Amino acid sequence: MARRRIIAGNWKMNKTPSEAVALCNELKDLVKNDAVDVVYCVPAIDIVPVAEAVKGTNVHVGAENFYIEDKGAFTGEISAPMLKEAGVEYVIIGHSERRDIFGENDILINQKVKKAFASGLTPIMCCGESLALRKAGTYKEWIARQIKWDLTDITADQVKTLVIAYEPIWAIGTGETATADQAEEVCKMIREIIADLYDQATADAVRIQYGGSMNAANAAELLSKPNIDGGLIGGASLKADFGQIVNA
Ligand code: PGA
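When we follow our numbering, the leftmost residue of the sequence shown carries the number -19, and every step to the right adds one.
What follows is the structure, given as structure tokens:
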């Protein structure tokens, strides 16, 4: 089954609103590719100007985070209806930086996945192991557990539209990329977990990205693997290289 490739930038805490617009303009011609879903997941304050800057192009807008309530006394948070009205279609959930620095656990991540679907946002749901777990050889069990927890009470029809990002923490922002075979091993396992939890049709439909120091030089090899349907890109999404990844 042919899955549509999805290349998403995760800008993290980079780019002021004016810098964000400048980056959109710089990348506009470089990211043209009708065969690929291109997404910019940007800081909350950049969402409105970025949505305006990419209007009429093939770029979709994503958020990096949100909270599970629609409104109320949640100082500092941003809600799904706010994102929707601003033109957001995708939202990153469970990034390792949210888990490690901001203490998000799998219970909250599962609530966010549910809320995103209920609100018409497509989750880019992240999983991945630390260097310690990789070295201990228990990374597969860890990732399987993350996925089961994070997908509790999510239906097969929802999972068919889900994006899962496999991001080994030891490869994020370190310049150390997983080899294409290491990335494929885990992405294939994730698809098997989805087949076990749901069914083969759901496993065939879900899109799985690799993330962790993906760049213009290594993207083509990673993306050539049968179970890697795209990338979630941090550092290289902030420069012209991103266009080369989209067209790799
Ligand atoms: P990186 O980040 O490409 O800078 O390693 C990826 C991510 O954290 O999503």
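Virtual Cβ for every residue (Gly too), placed ideally from N, Cα, C.
Owing to the predicted nature of the structure, the values given are computational and were not obtained by experimental measurement.
Please report the residue range of the alpha helix (DSSP H) in which residue i lies.
| i | result |
| --- | --- |
| aspartate 130 | 119 to 130 |
| leucine 10 | Premise fails: leucine 10 is in no alpha helix (DSSP H) and is neither H nor E. |
| alanine 197 | No alpha helix (DSSP H) holds alanine 197; DSSP gives it neither H nor E. |
| glutamate 32 | 27 to 33 |
| proline 206 | That residue, proline 206, is in no alpha helix (DSSP H); it is neither H nor E in DSSP. |
Which residues does DSSP list as the beta-bridge partners of residue i?
| i | result |
| --- | --- |
| arginine 187 | Val143 |
| glycine 223 | According to DSSP, which records beta bridges pairwise, glycine 223 is partnered with nothing at all. |
To which residues of the same chain is residue i closer than 7 Å at the C-beta, ignoring the five residues directly before and after it?
| i | result |
| --- | --- |
| tryptophan 122 | Glu109, Leu113 |
| glycine 192 | Glu147, Pro148, Ala151, Ile152, Thr157, Ala158 |
| glycine 155 | Ser193 |
I want to check one thing, is the minimum distance from the CB of residue i to the heavy atoms of the ligand PGA below 6 Å?
| i | result |
| --- | --- |
| glycine 223 | no |
| glycine 191 | yes |
| isoleucine 208 | no |
| leucine 212 | yes |
| isoleucine 152 | yes |
Between residue i and the rest of its own chain, which residues show a CB-CB distance below 6 Å, the 5 nearest in sequence each way excluded?
| i | result |
| --- | --- |
| glycine 67 | Ala31, Val41 |
| cysteine 12 | The residue you asked about is not cysteine; residue 12 is lysine in the sequence shown. Excluding sequence neighbours, lysine 12 sits near nothing in its chain. |
| alanine 124 | Ile173 |
At which residues does the beta strand (DSSP E) containing residue i begin and terminate?
| i | result |
| --- | --- |
| arginine -15 | -15 to -10 |
| methionine 169 | Counting along the chain, methionine 169 falls outside any beta strand (DSSP E), though it belongs to the alpha helix (DSSP H) covering 160 to 177. |
| glutamate 69 | 68 to 73 |
| alanine 212 | Per the sequence shown, residue 212 should be read as leucine rather than alanine. Its beta strand (DSSP E) spans residues 210 to 213. |
| alanine 24 | Neither: alanine 24 is in no beta strand (DSSP E) and is coded neither H nor E. |
| alanine 60 | Run containing alanine 60: none in the beta strand (DSSP E); it sits in the alpha helix (DSSP H), 60 to 65. |
| isoleucine 104 | 102 to 107 |
Can you find the residues in the same chain that come closer than 8 Å, C-beta to C-beta, to residue i, ignoring five residues on each side of it along the sequence?
| i | result |
| --- | --- |
| glutamate 44 | Asn(-10), Trp(-9), Lys(-8), Cys21, Val22, Pro23, Ala24, Val71, Ile72, His75 |
Where does residue i sit, in a helix, a strand or coil, going by DSSP?
| i | result |
| --- | --- |
| methionine -7 | coil |
| proline 148 | coil |
| aspartate 133 | coil |
| aspartate 80 | helix |
| aspartate 50 | coil |
| alanine 2 | helix |
| alanine 228 | coil |
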